[in-house]
Amino acid sequence: MSAARLINLYDLTREQLRLQLVRWELNPVHVARLWNYLYIELAASLDAMPELPPKLRARLAAETQLGVLPTALETASSDGFTHKYLLALHDTEKIETVLMRFTGRVTACVSSQVGCAMGCVFCATGQMGYTRHLSPGEIVAQAVHVARALRTARDPQRLRNIVLMGMGEPLHNYDAVMTAIDILRDETGLALGAERITLSTVGVVPGILRLATEKRPLHLAVSLHAATQAERAALVPAAKKWPLDELMAACRTYSETTGRRIFYEWTLIEGKNDSEAHARAVGELLRGLSAQVNLIPLNPTSGYAGAPTRSEAAKRFQKILAEEFQLPSTVRQRRGIDIAAGCGQLAVAEASSH
Ligand code: SAH
Ligand code: SF4
622 MSAARLINLY
632 DLTREQLRLQ
642 LVRWELNPVH
652 VARLWNYLYI
662 ELAASLDAMP
672 ELPPKLRARL
682 AAETQLGVLP
692 TALETASSDG
702 FTHKYLLALH
712 DTEKIETVLM
722 RFTGRVTACV
732 SSQVGCAMGC
742 VFCATGQMGY
752 TRHLSPGEIV
762 AQAVHVARAL
772 RTARDPQRLR
782 NIVLMGMGEP
792 LHNYDAVMTA
802 IDILRDETGL
812 ALGAERITLS
822 TVGVVPGILR
832 LATEKRPLHL
842 AVSLHAATQA
852 ERAALVPAAK
862 KWPLDELMAA
872 CRTYSETTGR
882 RIFYEWTLIE
892 GKNDSEAHAR
902 AVGELLRGLS
912 AQVNLIPLNP
922 TSGYAGAPTR
932 SEAAKRFQKI
942 LAEEFQLPST
952 VRQRRGIDIA
962 AGCGQLAVAE
972 ASSH
């Protein structure tokens with residue numbers, strides 16, 4: 622059987638794995654031990670799962686693979702808080718996963734696609750274009766990789782949070798992303814609770830409405846970057862397909878149906894979207910919504926000439942949001958920028974070094 626036809630164990634929810642055992646005419650009770658090996662012991666091969674019944678081992682050896690993703694490149698920021706991994710997929714494509722330590726919490730930033738079709742002008746992944754979707758197992762394997770890296774480093778901390786903010790647009794790969802989230806949340810496995818998973822979208826309106834209908838328990842972040850349709854479309858080409866007014870209507874529906882606050886992301890670009898007028902425009906746009914603004918100073922990329930906002934301008938922006946609009950906001954720390962920890966940037970660095 623070719624590698625592509627083998628079942629990737631990380632693709633399956635616990636229930637799907639149980640059904641697979643039933644299909645193999647094996648006692649489904651063994652799913653507990655197998656699941657434990659996968660997500661508690663973080664076994665990296667079948668050899669590391671000694672206590673499985675021989676018939677189950679034989680099936681696993683013949684018909685499945687463990688989709689462990691080998692590291693093609695690893696870099697650590699000079700302060701040691703950020704580790705960035707370029708992971709190799711079975712078809713030799715590569716994706717990025719980042720381990721971040723913020724105030725004692727460990728967060729994994731995971732990718733949802735190889736490349737991205739949305740083409741945001743300042744984004745390294747957007748500049749690469751779209752190659753393919755990731756499978757649920759390829760998303761889950763990134764979280765397992767980070768959990769295993771913590772264990773190997775004898776770090777007493779557990780993986781606590783997941784952000785879908787790596788390469789790709791998660792709502793463009795909806796079904797695979799949601800299956801991966803179900804696996805990550807499983808309480809007998811990695812047990813990443815609903816409050817621990819944040820999905821960031823460029824603003825795929827049908828996806829946001831579907832999330833609202835399904836009442837998916839996760840945090841939603843929407844990449845705004847501009848408060849008028851014309852300014853946004855110049856930075857985010859996907860805004861032509863899903864205009865700002867439709868996006869804001871979808872966000873309102875999402876917040877009303879789920880009762881959840883949305884995080885709005887704003888990549889601060891000097892002289893482009895960081896003025897006092899811009900701060901007031903976003904304040905007006907979000908008036909009456911349950912919102913928090915995450916300001917991200919631009920990480921420069923080779924394909925875009927913009928520069929990051931200076932910290933005084935970012936502070937002024939925050940002050941206006943807080944004082945004039947009572948809008949909470951954070952400025953993302955630019956930790957790890959020395960290893961190009963911005964979206965898609967490690968893959969570009971690796972490709973250009975060949
Ligand atoms: N596709 C999703 C999630 C991945 S990008 C989205 O766009 O939301 C995660 C965040 O990083 C987005 O808000 C994105 O706009 C931002 N981002 C991308 N490239 C960046 C760069 N060079 N500098 C700063 N932020 C960037
Ligand atoms: Fe894709 Fe997000 Fe990058 Fe835009 S910012 S190109 S949506 S990954």
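The sequence shown begins at 622 in my numbering and counts up by one. We treat Cβ as the ideally placed atom computed from N, Cα and C, and that holds for glycine.
Open item on the list: I need the straight-line Cα distance from Arg908 to Arg753, nearest angstrom please.
Closed with: Counting from one through the sequence shown, the residue named residue 908 turns up at place 287. Counting from one through the sequence shown, the residue named residue 753 turns up at place 132. Those two C-alpha atoms are separated by around 37 Å.
- Just to confirm, does Ser844 get its C-beta within under 7 Å of one of the non-hydrogen atoms of the ligand SF4? Position 223 of the sequence shown, counting from 1, holds the residue named residue 844. Yes, the Cβ of Ser844 comes within 7 Å of a heavy atom of the ligand SF4.
Thr728 to Ile802, Cα distance in whole Å? Mapped onto the sequence shown, residue 728 falls at position 107. Mapped onto the sequence shown, residue 802 falls at position 181. Near 15 Å, if we compare the C-alpha coordinates of Ile802 and Thr728.
*Residues that Leu708 bridges to, as DSSP identifies them*: Residue numbering aside, residue 708 sits at position 87 when the sequence shown is read from its first letter. Bridge partners of Leu708: Thr692, Ile716.
Can we count Thr752 as close to the ligand SF4, meaning its CB is less than 7 Å from some heavy atom? As a first step, residue 752 is located in the sequence shown; it is residue number 131 there, counting from the start. Checking the Cβ of Thr752 against the ligand SF4 gives no.
**Prompt:** Whole alpha helix (DSSP H) runs in the stretch 751-824 with 4 or more residues, listed along the chain?
**Reply:** 757-773, 795-806
Looking at Phe702 and the ligand SAH, is the gap between the Cβ and the nearest heavy atom below 7 Å?
-> Translated into positions along the sequence shown, residue 702 becomes position 81. No; taking the cut-off as 7 Å, the Cβ of Phe702 has no heavy atom of the ligand SAH nearer than that.
Requested in this report: With a 10 Å radius around its C-beta and 16 neighbouring C-beta atoms as the bar for buried, classify Ala951 as buried or exposed.
Outcome: Mapped onto the sequence shown, residue 951 falls at position 330. This sequence places Thr at residue 951; Ala is not what is there. Counting Cβ neighbours within 10 Å, Thr951 comes out exposed, since fewer than 16 surround it.
> Beta-carbon separation of Leu771 and Leu780 under 8 Å?
Replying inline: Taking the sequence shown and counting its residues from 1, one reaches residue 771 at position 150. Taking the sequence shown and counting its residues from 1, one reaches residue 780 at position 159. It is a contact, given that the beta carbons lie within the stated cut-off.
Using the DSSP secondary-structure output, state which residues sit across from Ala697 in a beta bridge. Here residue 697 refers to the residue found at position 76 of the sequence shown. Per DSSP, His704.
Next item on the list: For the stretch 624-635 and the stretch 753-766, state whether three or more C-beta atom pairs, one from each stretch, are separated by less than 8 Å.
Entry: yes
Gln734 burial status per 10 Å Cβ neighbour count (16 or more: buried): Here residue 734 is taken as the residue at index 113 of the sequence shown, counted from 1. The residue is buried, with at least 16 neighbouring Cβ atoms inside 10 Å.
| query | Does the beta-carbon of Asp712 have 16 or more other beta-carbons within 10 angstroms, so that it is buried, or is it exposed? | reply | Reading the sequence shown from its first residue, position 91 is the one you call residue 712. Label assigned to Asp712: exposed.
Legend entry - Ile890 versus Thr874 - alpha carbon distance: As a working note, residue 890 is residue 269 in the sequence shown. As a working note, residue 874 is residue 253 in the sequence shown. The straight-line gap from Cα to Cα measures roughly 29 Å.
- Task: May I ask whether a heavy atom of the ligand SF4 can be found less than 7 Å away from the beta carbon of Cys741?
- Result: Within the sequence shown, the letter at position 120 stands for residue 741. Of the heavy atoms belonging to the ligand SF4, at least one sits nearer than 7 Å to the Cβ of Cys741.
message: Please return the same chain residues whose Cβ sits closer than 7 Å to the Cβ of Thr888, not counting the five positions on each side in sequence.
response: If you number the sequence shown from 1, residue 888 lands on position 267. Within the same chain, Thr888 has close Cβ partners Phe743, His846, Ile917, Leu919.
Decide if Arg817 is buried, meaning its Cβ has at least 16 other Cβ atoms within 10 Å, or exposed.
As a working mapping, residue 817 is identified with position 196 in the sequence shown. Arg817 is buried by the Cβ-count criterion.
Whose C-alpha, out of Val689, Gly740, Glu808, is nearest the C-alpha of His793? Within the sequence shown, the letter at position 172 stands for residue 793. Residue Gly740 is the option with its Cα nearest to His793.
For Ile960, which of helix, strand or coil comes out of DSSP? Taking the sequence shown and counting its residues from 1, the one referred to as residue 960 is at position 339. Note that Ile960 scores 49 on pLDDT, short of 50, meaning its location in the model is unreliable; the coordinates nonetheless yield the value given after this. It is helical.
Inset, instruction - Indicate the three-state DSSP secondary structure (helix, strand or coil) for Leu627 in the structure shown. - result: By one-based count along the sequence shown, residue 627 stands at place 6. Residue state, collapsed to three classes: coil.
- Over what stretch of residues does the alpha helix (DSSP H) that includes Thr922 continue unbroken? The residue given as residue 922 occupies position 301 in the sequence shown. Thr922 -> no alpha helix (DSSP H), and no H or E assigned at all.
Q) Taking C-beta to C-beta, are Asp895 and Thr849 nearer than 8 Å? A) Along the sequence shown, read from residue 1 onward, the residue named residue 895 stands at position 274. Along the sequence shown, read from residue 1 onward, the residue named residue 849 stands at position 228. For Asp895 and Thr849, no; Cβs fall outside 8 Å.
Applying the criterion that 16 or more other CB atoms from any shown protein chain within 10 Å of the CB defines a buried residue, is Gly957 buried or exposed?
Taking the first residue of the sequence shown as position 1, residue 957 is located at position 336. Annotation note: pLDDT 48 at Gly957 (below 50); position unreliable, no value reported.
**Within 8 Å, strictly: CB atoms of Ser732 and Gly789** = Residue 732 sits at position 111 when you count from the first residue of the sequence shown. Residue 789 sits at position 168 when you count from the first residue of the sequence shown. Contact flag set, yes.
Integer-rounded CB distance, given that Gln913 should sit under 8 Å from Pro949:
As a first step, residue 949 must be located in the sequence shown, where it is residue number 328. As a first step, residue 913 must be located in the sequence shown, where it is residue number 292. The Cβ separation is near 5 Å, so the contact holds.
Assumed close pair Gly787, Glu684 - CB separation to whole angstroms, cut-off 8 Å:
Stepping through the sequence shown from its first residue, residue 787 is reached at position 166. Stepping through the sequence shown from its first residue, residue 684 is reached at position 63. At roughly 30 Å, the Cβ-Cβ gap does not stay under 8 Å, so Gly787 and Glu684 are not in contact.
Exercise. Is it the case that the CB of Met788 approaches a heavy atom of the ligand SF4 more closely than 7 Å?
Worked result: Along the sequence shown, read from residue 1 onward, the residue named residue 788 stands at position 167. Yes, Cβ of Met788 sits closer than 7 Å to a heavy atom of the ligand SF4.
Using CA coordinates, which residue listed in Glu835, Ala842, Arg680, Ala738 is at the minimum distance from Val643? On the sequence shown, position 22 is the one that residue 643 refers to. The residue with the shortest Cα to Cα distance from Val643 is Arg680.
Going along the chain, which residues of its own chain have a beta-carbon closer than 6 Å to the beta-carbon of Ala762, five neighbours each way excluded? Taking the first residue of the sequence shown as position 1, residue 762 is located at position 141. Same-chain partners within the cutoff: Tyr631, Gly688, Leu690.
query = Cα-Cα, which of Thr879, Cys730, Val857, Arg626 is closest to Leu830?
reply = As a working mapping, residue 830 is identified with position 209 in the sequence shown. Residue Thr879 is the option with its Cα nearest to Leu830.
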